[in-house]
Amino acid sequence: MELSIIPKPVKINYAEGVFSSKEKPSLIKKEVKIHEDGMIDTSAAQDGYRLIISKDNITAQAPSPAGIHNAEETFRQLLLSNYNDGCLTLPCAEIIDYPRFSWRGFMLDCSRYFYSVSFIKKLLDLLSLHHINRFHWHLTDDQGWRLPVKEYPLLTEIGSRRLDNRFPFPTYTEGFYTEEEIKSVVEYASSRYIEVIPEVDLPGHASAILASYPGLGCSGGPYRVEDRFGIFEDALCAGNDQIFDMIEKIFDTLVNLFPSKWVHIGGDEVLFNRWQNCPKCQKKLKELNLEKINELQSWITYRLAQMLKERGKTAVGWDEVLEDSPKFKLPKDTVIMSWRGSEAGLKAAKLGHKVIMSPNTEGCYLDYKHSPEAEEIGRTLGTASVFDTYSMKAAPENISKEDASNILGGHCTLFSEVIYAGKIAEYMLFPRLCALAEAVWTPENNKDFEDFSKRLIVHRKRLDSLDVNQYRGKLK
Ligand code: ACM
Ligand code: ZN
-15 MELSIIPKPV KINYAEGVFS SKEKPSLIKK EVKIHEDGMI DTSAAQDGYR
35 LIISKDNITA QAPSPAGIHN AEETFRQLLL SNYNDGCLTL PCAEIIDYPR
85 FSWRGFMLDC SRYFYSVSFI KKLLDLLSLH HINRFHWHLT DDQGWRLPVK
135 EYPLLTEIGS RRLDNRFPFP TYTEGFYTEE EIKSVVEYAS SRYIEVIPEV
185 DLPGHASAIL ASYPGLGCSG GPYRVEDRFG IFEDALCAGN DQIFDMIEKI
235 FDTLVNLFPS KWVHIGGDEV LFNRWQNCPK CQKKLKELNL EKINELQSWI
285 TYRLAQMLKE RGKTAVGWDE VLEDSPKFKL PKDTVIMSWR GSEAGLKAAK
335 LGHKVIMSPN TEGCYLDYKH SPEAEEIGRT LGTASVFDTY SMKAAPENIS
385 KEDASNILGG HCTLFSEVIY AGKIAEYMLF PRLCALAEAV WTPENNKDFE
435 DFSKRLIVHR KRLDSLDVNQ YRGKLK
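Reading the sequence shown from the start, the letters are residues -15 to 460 in the numbering used here.
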């Protein structure tokens, strides 16, 4: 009998005999320093654990509470799969386990589809089951603003509501999270050793802001909370200093609600046409002695990173923020999330930035279809098979040691343009999220897709028992 655990542990040493019980056994937990048996002495090792299954009992040892938690989650996997006719049977074994990367993340887009708090908590529970320890909460975008900001009430009064074009008669979709709800999500995550990183996408993807406060756009509007999907020309007006007054209050709000040291400031897909034709933006360009219009974004990013630093936070940005201007170099401590492939991430690592890899070219965009078949749900921008996701490499083999030390880990995203229900989200996520978990946890030379596929058969039953909708088609 073998244990089918996902992500695959670093090492399992099987021993003679079995543990069997008709009850739910309790886990004996011990915090210890473990530096033997290949346990690496890095921050990632703090998440490591040892799970010892003997004939009489089951013991978890770990150097930190997070490690103990990971042992508990591995144990939970076994409880979910190894009961037969009311009897739990496990082979005696010692599991020695620790992650390859300290950052194992997942992003949920709650702007394009407004997920309920209870659904988010269900997902957090599932992230935790797979040792994923970062929840990146995409709270704002063109199609809806989901974060209450006291001093700017219209962001939620106007910005959280839009027309839903799926219906032939006017139907609105709306919602935002209250402060209490946000705190409860952060607490729920934290009790599972998951850090919540909020994202407010600036200065593009700003239709919801502009519909609420049209004076902050170049033309003054009118604007609407977008009911279409795509990339839109209007961004916050770089020549209007009032945008920073608002962002100060947004950041104050985030500091109050999110204990994480990271705040994601977006920065992706900004179009510069409006700035090019705006007298205020042109005036700012001259004042700052900049040449090209896109350098205004570098200036904004620079200021936002500064504003976060003043609040004790570190900025994370999509890889566009790397395209900086000579005058406003991207602050070195800005973390790059590499999404348009991994090249930008590798370049950033070389420049000394910390990097999170989430390349849409390597199966990390879980809104993409599982396979090209017409019947599959998902965006047609590309496909991402379970195998593609499994094969993603946060750090390629030929990278230098120094550059590799700047790669924090890997991340997958669920953008929600084509997602209309939590059940559809689950279908997009599972089992690709399981594959991603293994890609960022398990040592590269321990990864084996055939072996993963076999363990997945058992793992799917666990997901079934947790009422998780799953894609069951071809894996490759
Ligand atoms: C992105 O997918 N626009 C980050
Ligand atoms: Zn402007």
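Yeah, the Cβ is synthetic: ideal placement off N, Cα and C, and Gly gets one too. On a predicted model such as this, the values are computed, not experimentally measured, just so you know.
Item	Value
Segment limits, beta strand (DSSP E) that includes W323	Counting along the chain, W323 falls outside any beta strand (DSSP E), and DSSP gives it neither H nor E.
P152 classed as buried or exposed, judged by whether at least 16 other C-beta atoms fall within 10 angstroms	exposed
Rounded Cβ spacing between I(-4) and A55 (contact assumed at less than 8 angstroms)	Contact flag wrong, Cβ pair sits at about 13 angstroms.
Option in S282, G223, A299 with minimal Cα separation from K270	G223
C-alpha distance - R212 paired with C418, whole-angstrom precision	31 angstroms
CB-CB length for N66 against L74, believed under 8 angstroms	6 angstroms
Straight-line gap, L35 to V(-6) (C-alpha atoms, nearest Å)	12 angstroms
For G201, the first and last residue of its enclosing beta strand (DSSP E)	Careful: G201 lies outside any beta strand (DSSP E) and carries neither H nor E.
T318, buried or exposed, once every other Cβ within 10 Å from all chains shown has been counted against 16	buried
Beta carbon of I181 nearer than 8 angstroms to that of R118	yes
Coil, strand or helix - T155 by DSSP	coil
Straight-line gap, M291 to N273 (C-alpha atoms, nearest Å)	22 angstroms
Reference E434, options Y136, D448, F371, closest by Cα	F371
Inside the region 156 to 183 only - beta strand (DSSP E) runs reaching at least 3 residues	156 to 158
Contained beta strand (DSSP E) runs [length at least 3] in the region 194 to 254, N- to C-terminal order	246 to 250
Selection from L420, E428, K407 that minimises the alpha carbon distance to S100	K407
Check: R258 C-beta below 7 angstroms from any heavy atom of ligand 2	yes
Euclidean distance between Cα positions of L110 and Y455	16 angstroms
A222 beta carbon near ligand 2 (any heavy atom closer than 7 angstroms)	yes
Short Cβ contact (8 angstroms threshold) for E294 with G250	no
Whether I227 touches L200 by CB criterion (8 angstroms)	yes
Pocket of ligand 1 defined by Cβ to heavy atom distance under 5 angstroms	D252, W302, W323
Among R287, V209, G347, nearest to A368 - alpha-carbon criterion	G347
Contact the region 326 to 342 vs the region 352 to 360: 3+ CB pairs below 8 angstroms	no
Span of the alpha helix (DSSP H) around D93	Unbroken run through D93 is the beta strand (DSSP E), 87 to 93; no alpha helix (DSSP H).
Rounded Cβ spacing between D451 and M412 (contact assumed at less than 8 angstroms)	Going by Cβ atoms, the distance from D451 to M412 rounds to 16 angstroms, so no, they are not a contact pair.
Proximity test, K276 beta-carbon vs ligand 2 heavy atom, cut-off 7 angstroms	no
Simplified DSSP assignment, three categories, for H53	helix
C396 Cβ short of 7 angstroms to ligand 2 heavy atom set	no
Alpha-carbon spacing of P(-9) relative to W259, whole angstroms	47 angstroms
Under 8 angstroms between C-beta atoms of P378 and F90	Note on identity: in this sequence residue 378 is Ala, with Pro being the wrong assignment. Cβ atoms of A378 and F90: not closer than 8 angstroms.
Beta-bridge partners of R118, as assigned by DSSP	G89, E179
Nearest candidate by alpha-carbon position, reference D387, set V254, H53, L330, I12	L330
Candidates P415, C221, K264, of which the one nearest L255 by Cα	C221
Beta-carbon contacts of E381 that lie in its chain and below 8 angstroms, excluding the five residues immediately before and after	E428
Residue environment, D185, which counts as buried when at least 16 other CB atoms sit within 10 Å	buried
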